[in-house]
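Q:
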Amino acid sequence: KMIDEEITKAFGDDSVSFEQSSKEKRLLIGTQISSMALQLHITTRQLCQSYAYQTTRFYQQCVVGSIGSKGVGGNPLDALCGGFLEGTAYFRPFQKDPDVSIDEFVDYAKTYVEGLETMFPQASIVEKCVSENVWGKSSSAQDQPFLSLTIRPWTPPACDPSQGYVRKSVRVFETPPSDDIPTSIDPTVPDQPPRIDYWFNTSCMDLVDEAESGLDANQTAEWLSKRTCATVTEWFNNCTSEPPPVRPPNIYVDDRAWAAFKSKSNPEFGKLPFELKPEMIPYASRYNEILLRGFAVYLPGATVTAPLTIDSQLQPTGQMLHRVYDQSRVETECQGEDDNSLCPYRNFSFVGAPSASATGKDDEEQVISYRMYYCNTGENDLCSCSGTGTLAKTVFYRENPQRVLSGESCAPPSEPGAPCYKYCTQLDFKSLEAGDMQQHKNSFGPYNFASLFTTYFLEVRSSSPMGGDRGIDLTGVEQIELGLWLNTHADIRTPIRCDMKTC
């Protein structure tokens, strides 16, 4: 429409005729048309990237064809995005000699625009189908699952001394002061020192190349005179570190990272990396491409000086992984698997925004992060950080019993059915319960929200303007309670029609 208006404005009845207009003006009109077409081209590509990420099953079936069937007849998503499947679709700029007749110029312009006119209606059809059918006609909380996870430290078992062997190697040492060196025994356990048998010669060495060493002949001879070969017999420990156990809803992190997280003397104070994998959350197996809408966190044992708050930021740092249910696998290699099996799923990874890198040098406009804050309750459950007389709230959300932490998982355990913890915060999680999405930054790229399955970086600080380590103490933290509001496709087993006639 914009391009058509531009042509009419330039060459309509009320405008300067083509013959009277300058060549420069005609060139400018062609450039403007190309520019607007390129903008549409780029926007469409970004839209297709968004569909590939947020509706992976839909995209993989109707564009890639890796699962299910594209079917017969129209396929608006493939018509819109198929050209970008191998990367960037070819963009054809507006190219016409400005010296041709006005009729020929305008006919070319309108033909050029006709190739672009189908993009908008195709995008409209796809958007309507995605919004109403794939995501669901409403964002009811019943269709938006919630995960309550507990992050705990994990100490790998001590190395078994038997998991090793004795090995020998030849090395070069400085010559010892005496050749009367007592012979030690071969080590048989890790604590025993190595046995060193000096040769008192340099026969194990090739002569040092003078050109490479920068030494002349005399210097090389002097260096060799102070060295000797030796046989070293030592215990080689080949223990392999075991991965943390998978015990949902617990998420385990390395005890060294946990110690650094709690210690103010460590530069990694308040910073904790962890990873969420599909096998860690088997009860989420009935959902496709799970996106993170928002989060809440509570650290039992953490203290902060009033009126400061404990500020937390959760940021994805790894590639995004989406699982997609493939019905064909159920009928082949996954026969006999139970309902919670991950076998029918195929994994698709996405590298880029909204994930940040470990260097922290990413374009912040493209990186998604989630934030929340709270302070501990005071006497009679009154809050000093969120308004005078404000009462504490139940962790995570009192109005929905499924969101309340209670029972033996508490630290210390609570009575059955009684809430574990309370915190003080002005944040209202009611919008998350209603299906809204919340995050700290708006992404201008196609990756609007983080996938559930990725590597995360949790940073916990105080709200002190003097520094995030002021007024906060994490030494008493033995576990971290994490609440995640998610967005999923309500029914993964409902067949998708690529002609979108059922939307």
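Per our numbering, the very first residue in the sequence shown carries number 778; after that it's consecutive. Just so you know, even glycine gets a beta-carbon here, dropped at the ideal spot from N, CA and C.
In this structure, does DSSP put Glu1258 in helix, strand or coil?
A: Three-state DSSP puts Glu1258 in a strand.
Q: Between the C-alpha atoms of Val907 and Pro922, what's the straight-line distance to the nearest angstrom?
A: Their Cα atoms are separated by approximately 19 angstroms.
Q: Helix or strand or just coil, what does DSSP make of Thr1202?
A: Thr1202 falls in the coil class under three-state DSSP.
Q: Do you know offhand how far Thr1171's Cα is from Cys1197's?
A: So the alpha carbons of these two residues sit roughly 8 angstroms apart.
Q: So who's on the other strand from Glu1236, going by DSSP bridges?
A: DSSP output for Glu1236 lists Lys1048 and Gln1090 as bridge partner(s).
Q: Note the first and the last residue of the continuous beta strand (DSSP E) segment covering Ile1028.
A: It spans Asn1027 to Asp1031 - the beta strand (DSSP E) in which Ile1028 sits, taken as one unbroken run.
Q: Apply the 10 Å Cβ neighbour rule to Pro1093 and answer buried if 16 or more other Cβ atoms are within range, or exposed otherwise.
A: Pro1093 comes out buried.
Q: In whole angstroms, what separates the C-alpha of Thr1202 from that of Leu1091?
A: Distance between the alpha carbons of Thr1202 and Leu1091: 17 angstroms.
Q: Is the region 818-826 close to the region 1240-1252, with three or more CB pairs under 8 angstroms?
A: Not touching, per the Cβ criterion.
Q: Return the residue from the list Pro954, Gly1194, His818 and Ser1161 that minimises the CA-CA distance to Val1181.
A: It is Gly1194.
Q: How do the region 963-979 and the region 1009-1016 stand: do at least 3 beta-carbon pairs fall below 8 angstroms, yes or no?
A: Yes, since at least three Cβ pairs between the region 963-979 and the region 1009-1016 fall closer than 8 angstroms, the two stretches touch.
Q: Based on the DSSP output, what are the partners of Phe950 in its beta bridges?
A: Answer is Thr1005, bridged to Phe950.
Q: Just confirm the distance between the C-beta atoms of Pro1021 and Trp931, as a whole number of angstroms; I'd bet it's less than 8 angstroms.
A: Contact flag correct, Cβ pair sits at about 5 angstroms.
Q: I need the DSSP call for Phe1230, collapsed to helix, strand or coil.
A: Three-state result, Phe1230: strand.
Q: Quick check on Asn1177: does DSSP put it in helix, strand or coil?
A: Coil, per DSSP.
Q: Could you check if Tyr942 is buried or exposed, using at least 16 other CB atoms within 10 Å of its CB as the buried criterion?
A: Result: exposed.
Q: Give the DSSP-derived three-state secondary structure of Met1097 in the structure shown.
A: Residue state, collapsed to three classes: strand.
Q: For the beta strand (DSSP E) containing Tyr1075, list its first residue and its last residue.
A: Start and end: Leu1068 to Tyr1075.
Q: Determine the contact status of Leu1069 and Phe1226, defining contact as a CB-CB distance below 7 angstroms.
A: Taking 7 angstroms as the Cβ cut-off, Leu1069 and Phe1226 qualify as a contacting pair.
Q: Can you check DSSP and say which residues form a bridge with Trp931?
A: DSSP, once it has assigned bridges, lists Asp1031 as partnering Trp931.
Q: Is it right to say Asn1264 is buried, meaning 16 or more other beta carbons lie within 10 angstroms of its own, or is it exposed?
A: Asn1264 is buried by the Cβ-count criterion.
Q: Do you know whose CA, among Ala856, Ser925, Arg1238 and Met813, lies nearest Asn1027's CA?
A: Among Ala856, Ser925, Arg1238 and Met813, the Cα nearest to that of Asn1027 is on Ser925.
Q: To the nearest angstrom, report how far apart Glu1019 and Gln940 are at their CA atoms.
A: Cα to Cα, Glu1019 sits roughly 13 angstroms from Gln940.
Q: Could you check where the alpha helix (DSSP H) with Arg1247 kicks off and where it finishes?
A: Element bounds for Arg1247: n/a, residue is neither H nor E.
Q: Should Asn1124 and Arg1100 be called a contact, given that it needs their Cβ atoms to be closer than 7 angstroms?
A: In contact: Asn1124 and Arg1100 (Cβ atoms closer than 7 angstroms).
Q: Are the beta-carbon atoms of Gln1096 and Ser1126 separated by less than 7 angstroms?
A: Taking 7 angstroms as the Cβ cut-off, Gln1096 and Ser1126 qualify as a contacting pair.
Q: Look at the Cβ atom of Val947, then the Cβ atom of Leu1076, and state whether they are nearer than 7 angstroms.
A: No, the pair does not count as a contact, with Cβ atoms beyond the cut-off.
Q: Compare the beta carbon distance of Pro853 and Ile902 with 7 angstroms and say whether it is the shorter of the two.
A: Yes, Cβ-Cβ distance for Pro853 and Ile902 is below 7 angstroms.
Q: Figure out for me which residue from Phe1206, Ile962 and Phe950 has the closest Cα to the Cα of Met982.
A: Of the listed residues, the one whose Cα sits closest to Met982 is Phe950.
Q: Whole beta strand (DSSP E) runs in the region 846-891 with 3 or more residues, listed along the chain?
A: Counting whole runs of 3 or more residues, the region 846-891 contains no beta strand (DSSP E) stretch at all.
Q: Which residues does DSSP list as the beta-bridge partners of Pro1196?
A: Answer is Ser1183.
Q: In whole angstroms, what is the alpha-carbon distance linking Cys1160 and Ile1087?
A: So the alpha carbons of these two residues sit roughly 13 angstroms apart.
Q: Considering only the alpha carbon of each residue, which of Asn978, Gly1155, Glu1114 and Ser1186 lies closest to Leu1001?
A: Out of Asn978, Gly1155, Glu1114 and Ser1186, Asn978 has the C-alpha closest to the C-alpha of Leu1001.
Q: In the structure shown, what three-state DSSP assignment does Trp1000 receive?
A: Trp1000 falls in the helix class under three-state DSSP.
Q: From the DSSP output, in three-state form, read off Cys1152 for me.
A: In this structure, Cys1152 counts as strand in the three-state DSSP scheme.
Q: Within its chain, find whatever has a CB closer than 6 angstroms to the CB of Arg760; leave out the 5 residues flanking it on each side and keep chain order.
A: Given that the chain is displayed from residue 778 to residue 1280, the structure contains no residue 760 and the question cannot be resolved.
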